[in-house]
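Participant:
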Amino acid sequence: MAAIGIAGQPDRARRRFTWLQGLSTVTAISVFILVIIGGIVRVTESGLGCPDWPLCYGKLLPPLEYTAIIEYTHRFVASVIVGPLVLATAIVALARYRNDRWVWIPAAISVPLLIVQGLLGGVTVLTHLPGEIVALHLGTAEALFAVCLFIMVASYRTPITRTEAATGDGYHRWAIAGAAGVYVVIISGAVVTAMGATGGCVTWPLCHGSAFPMTHLSGIHMFHRYVVLVLGALLLYAVWRCSVGRGTDGTLRWLAGLTLLTFVAQVIVGAATIWLDFQAHWRALHLTAATAVWAGAVGMAVIAYLNARTVWGVRAWEQVD
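Sequential numbering from 289 applies to the sequence shown in my numbering.
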């Protein structure tokens, strides 16, 4: 029995593969946590808890004040934990997986995304939290999260041979479309916040008893709900196709089911946020659930796409005769 590795060196291949798996998984989780903390910063109005950047009131450590500590925690996680992890993942991927484009291409993309995200964080503070910059900051963070998820998923699958044409029945296209739809939903929600329209509708599912409110802020808020309705239906169809499509696998079906449950929970949380007067912890949970749906949708899209483009064989750590 011998371990089959990517480069024909069993022990080194196994260590490399396992190392990238662990590192990319921790990185993806850390970015998810960073997005959650960013949501807490927003709903607690702590964005200017440190009014300067990169220091806080001109000092390395923040004052012992509620909003300053929340904002500084966000910066600390971003600069001390997430940044080094993203860079380390990219270095490992680029140094050891140059022959696997499904790993090194997203790794190469993650570095400029990280830089842009960091700069946007500084611009957001220095320009006193303009809504459009805050929304762009969130959009970039979610994009970075998606790239890290791509690396993580790709690290768990070792391509053996490639097909000339896609296999399956096209379910991967629906998975990609569903993920894109979730991203648009998240951005539309960020626009609602940026435009000050969060409280534009204080009832659910209708807005003040109307499906088409006439006021400006109510219209913006209700537009977000219609985006959720349409693109949510797209996601549900993608979930169904990934569950029953020809060429799907057990992992994809399991993830599709989990994504469905998360989406339903997100709708309930969104309604509860409105019913409970937009309390800060419900608003933070709303963004957290949305990002969890995004994670599931991205995972579905990556697995479905890789399944359609690659014939997957023996993993690097499996034993064969």
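Built from N, CA and C at the ideal position, the CB exists for glycine as well.
Here the structure is a predicted model, which is why all the values come from computation and not from measurement.
Does DSSP put residue 443 in a helix, in a strand, or in coil?
Facilitator: Correct three-state label for residue 443: helix.
Participant: With distances taken Cα to Cα, identify the nearest neighbour of residue 489 among 560, 411 and 545.
Facilitator: When only C-alpha atoms are compared, the closest one is 560.
Participant: Please return the same chain residues whose Cβ sits closer than 6 Å to the Cβ of residue 316, not counting the five positions on each side in sequence.
Facilitator: Correct list, in chain order: 436, 437 and 440.
Participant: Going along the chain, which unbroken runs of the alpha helix (DSSP H) with 4 or more residues stay wholly within the stretch 391-419?
Facilitator: Qualifying alpha helix (DSSP H) stretches: none in this window.
Participant: Using a Cβ-Cβ cutoff of less than 7 Å, which residues in the same chain neighbour residue 581 once the five nearest sequence positions on both sides are dropped?
Facilitator: Taken in chain order, the residues that qualify are 470, 547, 550, 551 and 554.
Participant: When you compare the stretch 385-393 with the stretch 369-376, are there three or more beta-carbon pairs, one atom per stretch, that lie closer than 8 Å?
Facilitator: The stretch 385-393, when compared against the stretch 369-376, does not touch it at the 8 Å Cβ threshold.
Participant: Tell me the DSSP secondary structure of residue 495 in three-state form.
Facilitator: DSSP places residue 495 in strand when its eight states are reduced to three.
Participant: Are the beta-carbon atoms belonging to residue 359 and residue 318 less than 8 Å from one another?
Facilitator: Result no, Cβ atoms of residue 359 and residue 318 do not sit closer than 8 Å.
Participant: May I ask which residues mark the beginning and end of the alpha helix (DSSP H) holding residue 354?
Facilitator: Taken as a continuous stretch (DSSP letters only), the alpha helix (DSSP H) holding residue 354 covers 354-364.
Participant: Quick one: residues in its chain with C-beta nearer than 7 Å to the C-beta of residue 432, no 5 flanking neighbours on either side, listed in chain order?
Facilitator: Taken in chain order, the residues that qualify are 319, 398, 401, 402 and 405.
Participant: Ordered along the chain, which non-local residues of its own chain (more than five positions away) have a Cβ less than 6 Å from that of residue 475?
Facilitator: Excluding positions up to five away in sequence, the list reads 427.
Participant: Please specify which runs of the alpha helix (DSSP H), each continuous and at least 4 residues long, are wholly inside the stretch 499-538, giving them in chain order.
Facilitator: Runs of the alpha helix (DSSP H) inside the stretch 499-538: 504-532.
Participant: Please classify residue 591: is it buried, with 16 or more other beta-carbons within 10 angstroms of its beta-carbon, or exposed?
Facilitator: Buried.
Participant: Among the residues of its own chain, which have a CB less than 8 Å from the CB of residue 421, if the five just before and after it don't count?
Facilitator: For residue 421, where only same-chain residues beyond five positions count, the Cβ hits under 8 Å are 408, 411, 412 and 415.
Participant: Please classify residue 436: does DSSP put it in a helix, a strand, or coil?
Facilitator: Here residue 436 sits in helix by DSSP.
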